[in-house]
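Colleague: I have a structure I would like to understand better, so I am pasting it below and will then ask my questions one at a time.
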Amino acid sequence: MNHCLLCGSTYWERVSLARLVVAEREYLCGNCARKLEPVKSGCRKCGKWCGGSEQNCCLDCKLWRAKHEDDPLVRNCSLYYYNPFLKELLSAYKYRGDAALAQMFASQLKQTIRRKFRCHSLTYVPLSADRLQERGFNQSELLLTVSGLPASSVLARVDQAAAKQSKKTRENRIKSYKKNPFCVLSRKTSDIAGKDFLVVDDIYTTGTTVRQAAAILLAHGAKSVSSLTVARAK
Numbered sequence: 008m009n010h011c012l013l014c015g016s017t018y019w020e021r022v023s024l025a026r027l028v029v030a031e032r033e034y035l036c037g038n039c040a041r042k043l044e045p046v047k048s049g050c051r052k053c054g055k056w057c058g059g060s061e062q063n064c065c066l067d068c069k070l071w072r073a074k075h076e077d078d079p080l081v082r083n084c085s086l087y088y089y090n091p092f093l094k095e096l097l098s099a100y101k102y103r104g105d106a107a108l109a110q111m112f113a114s115q116l117k118q119t120i121r122r123k124f125r126c127h128s129l130t131y132v133p134l135s136a137d138r139l140q141e142r143g144f145n146q147s148e149l150l151l152t153v154s155g156l157p158a159s160s161v162l163a164r165v166d167q168a169a170a171k172q173s174k175k176t177r178e179n180r181i182k183s184y185k186k187n188p189f190c191v192l193s194r195k196t197s198d199i200a201g202k203d204f205l206v207v208d209d210i211y212t213t214g215t216t217v218r219q220a221a222a223i224l225l226a227h228g229a230k231s232v233s234s235l236t237v238a239r240a241k
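Residue numbers for the sequence shown follow the working numbering, so the first one is 8 and each next one is one higher.
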């Protein structure tokens, strides 16, 4: 018998051959798990919901490419749509210091990376020093740590007093794309050239943050950059 990490209720874990093979437990009861909306179909490039059908490139991606002349991101893959339930869940994870919630996404994160990004070097979106001190941990780095996947810390924040992305409007996020807040750590420049990178973050809203990270990595010789997030705005 297990206890749900979110609501605290007790539940019996489902038994299946697949679960016995991977030897990993469930962290949410069935009621809470059903409130998550897995990303299943949509834009093949960014995962945007397209009315239940698949598209090679959605209007958002086409507009991004037209507005910025190029797109540094090969593709984005997200686990779930950012619905009210997941918003509350990630808020508890990021802002209330409930790091144990990272366990809930570890298994699927690991499976997705092994299935779609097996040969990629892993890194994550860095926090400013102030934000890191405020929270006590980097939520994106912790997701990889809990998943048991090796990641390289190659990026840092240039603007330590950067405004929170979560407080910006969609339009302001896109406009701020050229004002890249990231840089590559000097001691890590030799670790980038010629590699395919996967940047891990918690939420994909407009894609500005992961594209800024991708642009910096490409400028330092990365072969390609994709991103993987827990949530994606619908």
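No residue lacks a Cβ here, since even glycine has one placed at the ideal position from N, Cα and C.
All figures in this text were calculated on a predicted structure; none of them were measured in a lab.
#1: In the DSSP output, which residue or residues are listed as bridge partners for L13?
#2: So, is A220 buried or exposed, given that buried needs 16 or more other C-beta atoms within 10 angstroms?
#3: Per DSSP, A238 is paired with what?
#4: Among V165, L205, L192 and V206, whose alpha-carbon lies nearest the alpha-carbon of K186?
#5: Taking the straight line between their C-alpha atoms, what separation do you get for R41 and S197?
#6: Give the single residue among K55, P188, L129 and R122 whose Cα lies nearest to the Cα of D208.
#7: Measure the C-alpha to C-alpha separation of D203 and C126 and round it to an integer number of angstroms.
#8: Measuring straight from C-alpha to C-alpha, what distance separates T212 and H75?
#9: For C14, does the count of other Cβ atoms within 10 angstroms reach 16, so buried, or fall short, so exposed?
#10: Note the first and the last residue of the continuous alpha helix (DSSP H) segment covering L153.
#11: Within the same chain, show all residues whose beta-carbon is closer than 6 Å to that of K101, passing over the 5 residues directly before and after it, in chain order.
#12: Over the uninterrupted beta strand (DSSP E) stretch that includes S128, give me the two end residues.
#13: Excluding five sequence neighbours on each side, which residues of the same chain lie with their C-beta closer than 7 Å to the C-beta of S222?
#14: Buried or exposed: which applies to R121, given that a residue is buried once 16 or more other Cβ atoms fall within 10 Å of its Cβ?
#15: In angstroms, rounded to a whole number, what distance separates the CA positions of Y34 and G214?
#16: Measuring straight from C-alpha to C-alpha, what distance separates P234 and C50?
#17: If distances are taken between C-alpha atoms only, which option among T119, P45 and L150 comes closest to N90?
#18: Would you mind working out which of Y88, T152, L224 and A107 sits nearest V237, comparing C-alpha positions?
#19: Please state the DSSP three-state secondary structure of S193.
Modeller: In short, the structure shows the following:
#1: In the DSSP output, where bridge partners are listed per residue, L13 has none listed.
#2: buried
#3: Y87 and I210
#4: V165
#5: 44 Å
#6: L129
#7: 7 Å
#8: 17 Å
#9: exposed
#10: According to the sequence displayed, residue 153 carries Val and not Leu. Segment Q146 to S154, the alpha helix (DSSP H) holding V153.
#11: Q146
#12: S128 to Y131
#13: According to the sequence as given, residue 222 is Ala; it is not Ser. The answer, listed in chain order, is P79 and N187.
#14: exposed
#15: 29 Å
#16: Per the sequence presented here, residue 234 reads as Ser, with Pro not at that position. Roughly 14 Å between the two C-alpha positions.
#17: P45
#18: Y88
#19: helix
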